[in-house]
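J.: Here's a structure for you.
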Amino acid sequence: TVGAVAVDKEGNIACATSTGGMLNKMEGRVGDTPIIGSGGYADNLLGAVSTTGHGETIMKITLARLILFHMEQGQSAEAASDLGLAYMKSRLEGLGGVVTVDPQGHWAARFSSNYMAWAAAQEDTLHYGLYTGE
Amino acid sequence: MLPVVVVHGGAGYIPKERSELSISGVCSAVQAGYTILQGEGSSMDAVVEAVIQMENNPAFNAGCGSVLNIKGEVEMDALVMDGKTLGSGAVSAVRNIANPIQLARLVMDKTSHACLTAEGASQFARSMGIPEVPLESLITEYSRMRWKKNLAPDANPVECQMLG
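Those sequence lines, one after another, are chains A and B.
Each residue of the first sequence is one higher than the one before, counting from -10 in this note's numbering.
Each residue of the second sequence is one higher than the one before, counting from 273 in this note's numbering.
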């Protein structure tokens, strides 16, 4: 799975997520990626999230919308992402990762899996990582 | 408010020998998206361009390089959402197109629907002039190797993590 979130100069926010799905999946299986609120969500008033991980679990907790709900309640992009992923792990033992932005351009790349390749560009600075803590 | 693009390349298993490919791929994709923002493009233009870059990069599980289903075929899903209008578009179980994210954007821009699937999505792609590509062009040696390996009853449980 791959995904992106962005905020432009006008303050408009968008998300995009695309996937080949799950290794050796059943024919016709559809995961979280094309499901609004699960594979991604964007709202200029709240922020945007693109998700990756165990699709069936992400769908059950509507991960993208859950994270934006936490942001609506006042959490930062990073804290809200961690709360959403922690809930998915504790409630359903599901692992995954997200990239998140808020309307001010604060961003987060967080994951509960062992790996997630991610990168961010802001103010002509490139940030990137693969392992937890990078 | 500072313009920003953030991308991910998936939470699945990344063997050590492919970690550099993944890192360089996400860095190239985010730079492509950020260039669009610097050039007065919209956030929607930026996220679609960043995802196209990764769909075209065989290091990632999307577009070319997608994992294979149990029959050894490629079925892809994609979603876009515009935070200004709450407009969205998605496709699921699509085959034989290089960039499902472009098709998802067309669903958002050109239809009144939220998601098109399977053969209906293919018909829509044809009506929009999206070229069909051979299945083989989306399959890499690496994805075929993983498919075969995971058909085996003693498949490595690490690789079998159910992470898309």
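Ideal placement from N, C-alpha and C gives every residue a C-beta, glycine not left out.
Treat the numbers as computed from the prediction; the structure is a model and nothing was measured.
Work out the CA separation of GLU82 of chain A and TYR104 of chain A for me, nearest whole Å.
T.: 16 Å
J.: Please report whether the beta-carbon of GLU67 of chain A lies at a distance below 8 Å from any beta-carbon of chain B.
T.: No, its Cβ sits nowhere closer than 8 Å to a Cβ of chain B.
J.: On the three-state DSSP scale, how would you describe TYR285 of chain B?
T.: coil
J.: Following the continuous beta strand (DSSP E) through SER39 of chain A, name the residue where it begins and the one where it ends.
T.: 36 to 42
J.: Taking the C-alpha atoms as reference points, what is the distance between GLY344 of chain B and ASN13 of chain A?
T.: 8 Å
J.: State the Cα-Cα distance for the pair ALA75 of chain A and SER399 of chain B, rounded to the nearest angstrom.
T.: 43 Å
J.: Do the region 14 to 30 of chain A and the region 43 to 53 of chain A make contact, defined as three or more Cβ pairs closer than 8 Å?
T.: yes
J.: Mind listing, in chain order, the continuous beta strand (DSSP E) runs of no fewer than 3 residues lying wholly within the region 286 to 370 of chain B?
T.: 348 to 354 and 359 to 366
J.: At 8 Å on the CB atoms, spell out the chain E contacts of GLU413 of chain B, in chain order.
T.: The chain inventory of the structure shown lacks chain E, comprising the protein chains A and B.
J.: Identify the contact partners of ILE50 of chain A in chain B, using a Cβ-Cβ distance below 8 Å as the criterion.
T.: Here the premise fails: no neighbours, minimum Cβ distance about 15 Å.
J.: Could you have a look at VAL379 of chain B and say whether DSSP puts it in helix, strand or coil?
T.: helix
J.: Provide the residue span of the alpha helix (DSSP H) that contains LEU115 of chain A, from first to last.
T.: Unbroken run through LEU115 of chain A is the beta strand (DSSP E), 114 to 120; no alpha helix (DSSP H).
J.: Considering only the beta carbon of each residue, do MET417 of chain B and VAL(-9) of chain A sit closer than 8 Å?
T.: no
J.: DSSP three-state call for ALA390 of chain B: helix, strand or coil?
T.: helix
J.: Tell me where the beta strand (DSSP E) around ASP32 of chain A begins and ends.
T.: 29 to 32
J.: Three Cβ pairs or more, each shorter than 8 Å: is that satisfied between the region 56 to 74 of chain A and the region 366 to 378 of chain B?
T.: No, the region 56 to 74 of chain A is not in contact with the region 366 to 378 of chain B.
J.: Between SER294 of chain B and the rest of its own chain, which residues show a CB-CB distance below 6 Å, the 5 nearest in sequence each way excluded?
T.: GLY281, ILE286 and ALA331
J.: From the DSSP secondary-structure annotation, give me the bridge partner or partners of GLN64 of chain A.
T.: None, per the DSSP bridge assignment.
J.: Does DSSP classify SER7 of chain A as helix, strand or coil?
T.: strand
J.: Let me know the secondary structure DSSP gives GLU431 of chain B once reduced to three states.
T.: With a pLDDT of 48 at GLU431 of chain B, under the threshold of 50, the modelled position of that residue is not reliable, and the figure given next carries that caveat. Here GLU431 of chain B carries a coil assignment [DSSP, helix/strand/coil].
J.: So, does the region 336 to 354 of chain B touch the region 291 to 308 of chain B, judging by three or more C-beta pairs under 8 Å?
T.: Remark: fewer than three beta-carbon pairs, one from each stretch, lie closer than 8 Å, so the region 336 to 354 of chain B and the region 291 to 308 of chain B are not flagged as touching.
J.: Please identify the residue among A:GLY17, A:VAL(-4) and A:VAL19 whose C-alpha is closest to the C-alpha of HIS35 of chain A.
T.: It should be noted that the sequence gives Leu, not His, for residue 35 of chain A. Among A:GLY17, A:VAL(-4) and A:VAL19, the Cα nearest to that of LEU35 of chain A belongs to A:VAL(-4).
J.: When DSSP labels each residue in this structure, what does ILE69 of chain A get in the three-state scheme?
T.: For clarity, residue 69 of chain A is Ala in the given sequence; the question names Ile instead. For ALA69 of chain A, the three-state secondary structure derived from DSSP is helix.
J.: Any idea if GLU321 of chain B is buried or exposed, counting beta-carbon neighbours within 10 angstroms, 16 or more meaning buried?
T.: buried
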